[in-house]
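>
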Amino acid sequence: MIPFFKRAAPVHDACTLGRTAVALPLSPGCGAPPGCPVVIVDADGRPRRATTPAGKKVELRPGELAWAFHPGPYTIAMVPYAQAPEIGLRTTFAIDPQDPAAAGKRFDLYLAAEADGRVDLAMLGVKVESAVRSALEQGALDLPPCADIDEWNAFRQGLNRLLYLRFGLTVDDCVPVELDGIDYAGQLAARAVPVASAPVPDKVVPDLADAKALRRLFLELPCLMCGLRFGALPNGQDQFRQQQALLQRLDRLSVEITSMPALVLAAPGQPLALDEQLRRMRHSRRATVALDEAWALLARLEGAQGERLAALYDEAERIVANLEADCAGRRAAKHVAEAA
Amino acid sequence: MNSPAQAVCRTRLPDGTLLTVTASRRERAGRADVKCTVPGDAQLAERLQQVVRLARHTEAKIDSRDQVVLSVDRTPAGRDCELAFVLADRLVRGVWHGRGDIVANGWSDAWQLGRVDGHDVADASPDTLLGGPDGLAHLGQLDGHPDPSARVSSARAWFPLHSGGDGDGLGWVEVSVHPLEGERLDEEQTIAVPGTDAARQLAVRQALAGARHFDGRGLGRWRTTVRFGDAAFAGRSYELALVLADRIARGREFIPRARLLATGCSDAWHAGRVDGVDGLAPKCALLLREAGPGDRIVLPHAWRDALPAGFADEVRARGASVACVERIGII
Chain A
1 MIPFFKRAAP VHDACTLGRT AVALPLSPGC GAPPGCPVVI VDADGRPRRA TTPAGKKVEL
61 RPGELAWAFH PGPYTIAMVP YAQAPEIGLR TTFAIDPQDP AAAGKRFDLY LAAEADGRVD
121 LAMLGVKVES AVRSALEQGA LDLPPCADID EWNAFRQGLN RLLYLRFGLT VDDCVPVELD
181 GIDYAGQLAA RAVPVASAPV PDKVVPDLAD AKALRRLFLE LPCLMCGLRF GALPNGQDQF
241 RQQQALLQRL DRLSVEITSM PALVLAAPGQ PLALDEQLRR MRHSRRATVA LDEAWALLAR
301 LEGAQGERLA ALYDEAERIV ANLEADCAGR RAAKHVAEAA
Chain B
1 MNSPAQAVCR TRLPDGTLLT VTASRRERAG RADVKCTVPG DAQLAERLQQ VVRLARHTEA
61 KIDSRDQVVL SVDRTPAGRD CELAFVLADR LVRGVWHGRG DIVANGWSDA WQLGRVDGHD
121 VADASPDTLL GGPDGLAHLG QLDGHPDPSA RVSSARAWFP LHSGGDGDGL GWVEVSVHPL
181 EGERLDEEQT IAVPGTDAAR QLAVRQALAG ARHFDGRGLG RWRTTVRFGD AAFAGRSYEL
241 ALVLADRIAR GREFIPRARL LATGCSDAWH AGRVDGVDGL APKCALLLRE AGPGDRIVLP
301 HAWRDALPAG FADEVRARGA SVACVERIGI I
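Protein chains in written order, with the working numbering: chain A, 1 to 340; chain B, 1 to 331.
(1) Between Val175 (chain A) and the rest of its own chain, which residues show a CB-CB distance below 6 Å, the 5 nearest in sequence each way excluded?
(2) Could you check where the alpha helix (DSSP H) with Pro53 (chain A) kicks off and where it finishes?
(3) Could you give the first and the last residue of the continuous alpha helix (DSSP H) run that contains Lys334 (chain A)?
(4) Using only the alpha-carbon positions, how far apart do Gly30 (chain B) and Val243 (chain B) sit?
(5) When we look at the beta-carbon of Val128 (chain A) and count the other beta-carbons within 10 Å, is it buried (16 or more) or exposed?
(6) Answer yes or no: does any C-beta atom of chain B fall closer than 7 Å to that of Ser318 (chain A)?
(7) Report yes or no: is there a C-beta of chain A within less than 7 Å of the C-beta of Leu210 (chain B)?
(8) Should Thr224 (chain B) and Thr190 (chain B) be called a contact, given that it needs their Cβ atoms to be closer than 7 Å?
(9) Is the region 225 to 235 of chain B in contact with the region 110 to 130 of chain A, if contact means three or more CB pairs nearer than 8 Å?
(10) Measure the C-alpha to C-alpha separation of Gln270 (chain A) and Met260 (chain A) and round it to an integer number of angstroms.
(11) Helix or strand or just coil, what does DSSP make of Thr196 (chain B)?
(12) When the Cα of Ile297 (chain B) is compared with those of B:Asp117, B:Gly100, B:Cys324, B:Gly329, which residue comes out closest?
(13) Specify the secondary structure class of Tyr81 (chain A) as computed by DSSP and reduced to three states.
(14) So which residues of chain B does Arg252 (chain A) contact, with C-beta pairs closer than 9 Å?
(15) For Arg221 (chain B) and chain D, any beta-carbon pair shorter than 7 Å?
(16) Using alpha carbons as the reference points, say which of A:Phe240, A:Leu163, A:Val39, A:Tyr164 lies closest to Gly117 (chain A).
(17) Do you know how far the Cα of Glu137 (chain A) is from the Cα of Leu261 (chain B)?
(18) Skipping 5 residues on each side, what residues in its chain have a beta carbon closer than 8 Å to that of Ile257 (chain A)?
(19) Any idea what DSSP makes of Tyr238 (chain B), helix, strand or coil?
(20) Take the Cβ of Ala294 (chain A) as the centre, count every other Cβ of all protein chains shown within 10 Å, and call the residue buried at 16 or more, exposed below.
(21) At which residue ranges does the region 137 to 174 of chain A contain complete beta strand (DSSP E) runs of 3 or more residues, listed in the order of the chain?
(22) Taking the alpha-carbon of Ala332 (chain B) as reference, which of B:Arg212, B:Leu83, B:Val21 has the nearest alpha-carbon?
(23) Is any beta-carbon of chain A found at less than 7 Å from that of Asp295 (chain B)?
(24) When we look at the beta-carbon of Ala268 (chain B) and count the other beta-carbons within 10 Å, is it buried (16 or more) or exposed?
(25) The alpha helix (DSSP H) that contains Asp292 (chain A), what's its start and end?
(26) So, does the CB of Glu253 (chain B) fall closer than 7 Å to a CB anywhere in chain A?
(27) Could you please tell me which residues of the region 233 to 249 of chain B, in chain order, have their CB closer than 8 Å to any CB of chain A?
(28) Tell me which residues share the same chain as Ala7 (chain B) and place their Cβ nearer than 7 Å to its Cβ, disregarding the 5 neighbours each side in the sequence.
(29) Which residues of chain A have a Cβ atom closer than 9 Å to the Cβ of Asp63 (chain B), listed in chain order?
(30) CA-CA distance, Met1 (chain A) and Gly29 (chain A)?
(31) Given this structure, state the Cα-to-Cα distance separating Met1 (chain B) from Cys9 (chain B), to the nearest angstrom.
(32) So, does the CB of Arg151 (chain B) fall closer than 7 Å to a CB anywhere in chain A?
(33) Starting from the beta carbon of Ala189 (chain A), find every residue of chain B whose beta carbon is closer than 9 Å, and list them in chain order.
(34) Taking 7 Å as the limit between beta carbons, can you name the residues of its chain near Ser266 (chain B), skipping five residues before and five after?
(35) In chain A, which residues lie with their C-beta within 8 Å of the C-beta of Leu113 (chain B)?
(36) Please list, in chain order, the chain B residues whose beta carbon lies closer than 7 Å to that of Ser134 (chain A).
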């Protein structure tokens, strides 16, 4: 049988798309499900949209990966404060299939940089929740007790921008709700009982975690620089110089990322001790934390003026300094005791 | 953030004298993030550096641009000075805004969790911050936040005390809730207010039971202990702080980034209503003086139109925020 005339195979688990799965990887020869845009990520990590009509086979070149995503809408309940588990935010979001942003479609970048196979709604929800929690802790978003309607609207705007810039999600609706399914008294009582088998934290495979973190840095840093160039329009000569200096440092960082030494090698042909590998992995993971903070910062830049803009520039300096420190740590073959 | 270049925290030595921990912040310039110096004891200095680094794990923001240098004027004894080092490190970076002359004693085996396990000093003065379950058990408690890993959830809120004299300042109320075991009792029977007279105990019980009735899911689930700060006071304006601390402790209210400052009372907590109280002008002045970055001020709705001109802007300039609420509950 000549393979050219084979029908396109249906995507595995296609019926979960739009319900429990946000995006599914397409294996070569699969057809795109109807109504679901297909993102193809080439071997360099650059995403593009497939132009194949629904139902037809998606053609992939070697080294390319493809995902089909459902634009939604999806609803999640997130808990903005870990210490207040009975109050949640019921959030409905969608993914704009025709994202017109000049800097490229953000959700496509998310798939290229962070997706590892299937993107589950639950997993995405956890990531959204932790992004919101850290924005609240750092003061990037404000949701104080007894928030009035103005504060709530400001929070909503900040949330919209944060979720778009970090994940490419468009928030349709967000309401505070009491989570009836959660019993805080029960949770506290459970803490009192010594757990026989302590919950094993997610096992981290050093080389995988490191590779993922570096992939994120490699793909997202250029987009971040683009955002900083357009978003943080400087106010006056000094700020212009500050912006140029920041962009230069980010430029140097992305060069550094592309020439990062392998995790397992101290020097060509010389293996690195396991402890040092773990240290390198921790540094690259901490660098992705700074990356998350940088997206949150871009979300706040829009429309910032005067003193607020100056404070955000200071925040950008902090984030870039952290990135530099962690990249230097990732590069070093062994822990150097810093000068006191 | 405009944090000071230098900060001081004291700790009490076993012989009763005070030891001063000085923290100063300077450009990192490729040096270590924390440097501790102890005269004549390099090993202890290294251990204290470890303590400070571990305690930083509980913070939301990392800033690798600065180096903090911590030094002492004498050799500390034992581990009791750990808390003072941690607090000095936080003060100088503007992570915590302590007021006045801070004396702190405490040690911990789990600084990375923010826990403070105990203290050694026996004859401390009453305004000393003492680590341990009966004092400061958790670093988040400095801002009144519940410990995310403890079996008891306790939250603290502050309220202005106004008498027109030197005693003006902030009083605090702390609500601790444990899950209720066994049969369901009358809600007021499950609320204990140790160390107060019967009238205050009754008022606290009625306010909390009423507010929980309004909450819907508050009743019949908790055993509650309410503690007040040492400052003596009269009147009912602490009630709003009490009710909000209770809601935070029960995990049913958003959490302020720093402290919660509130004043207000109500004749109808069961309806969630917040009524006005007296002393608007002096209390606003006091709150403005005390508010720091991240603090949240909650006032009764009746005060909204009578607030001093520019009050909200001045509060915002200090990094805090203010709301005038008609009723409790979300939005």
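Just so you know, even glycine gets a beta-carbon here, dropped at the ideal spot from N, CA and C.
Considering the structure as presented:
(1) Arg90
(2) From DSSP, Pro53 (chain A) is part of no alpha helix (DSSP H); its letter is neither H nor E.
(3) Taken as a continuous stretch (DSSP letters only), Lys334 (chain A) belongs to no alpha helix (DSSP H), as it is neither H nor E.
(4) 49 Å
(5) buried
(6) In the sequence as presented, Ser is not what sits at residue 318 (chain A); that position holds Arg. Under the Cβ distance rule, Arg318 (chain A) counts among the residues neighbouring chain B, one pair being separated by less than 7 Å.
(7) Checking the sequence, you will find Gly at residue 210 (chain B) rather than Leu. At a cut-off of 7 Å, the C-beta of Gly210 (chain B) has no neighbouring C-beta in chain A.
(8) It is a contact, given that the beta carbons lie within the stated cut-off.
(9) no
(10) Distance between the alpha carbons of Gln270 (chain A) and Met260 (chain A) is about 16 Å.
(11) coil
(12) B:Cys324
(13) coil
(14) Chain B residues near Arg252 (chain A): none, gap ~16 Å exceeds 9 Å.
(15) Of the protein chains in this structure, namely A and B, none is chain D.
(16) A:Val39
(17) When only Cα atoms are considered, Leu261 (chain B) and Glu137 (chain A) end up about 19 Å apart.
(18) Leu214, Leu217, Phe218, Leu221, Cys327
(19) DSSP places Tyr238 (chain B) in the coil class of the three-state scheme, outside both helix and strand.
(20) Its Cβ being crowded by 16 or more others within 10 Å, Ala294 (chain A) is buried.
(21) Runs of the beta strand (DSSP E) inside the region 137 to 174 of chain A: none found.
(22) Nothing about residue 332 (chain B) can be reported from this structure: the residues present for chain B run from 1 to 331 only.
(23) no
(24) exposed
(25) 274 to 301
(26) yes
(27) Leu244, Arg247, Ile248
(28) Taking C-beta separations shorter than 7 Å and ignoring five residues to either side along the sequence, the partners of Ala7 (chain B) in its chain run Ala23, Ala88, Leu91, Val92, following chain order.
(29) Arg318, Ala321, Asn322
(30) Note on Met1 (chain A): pLDDT 45, under 50, position unreliable in the model; no value is reported.
(31) Note that Met1 (chain B) scores 49 on pLDDT, short of 50, meaning its location in the model is unreliable; the coordinates nonetheless yield the value given after this. Take the alpha-carbon of Met1 (chain B) and the one of Cys9 (chain B): they are about 20 Å apart.
(32) yes
(33) Arg151, His178, Pro179, Glu181
(34) Glu239, Arg273, Val274, Asp275
(35) Residues of chain A passing the Cβ test: none, with the nearest at roughly 13 Å.
(36) Ala60
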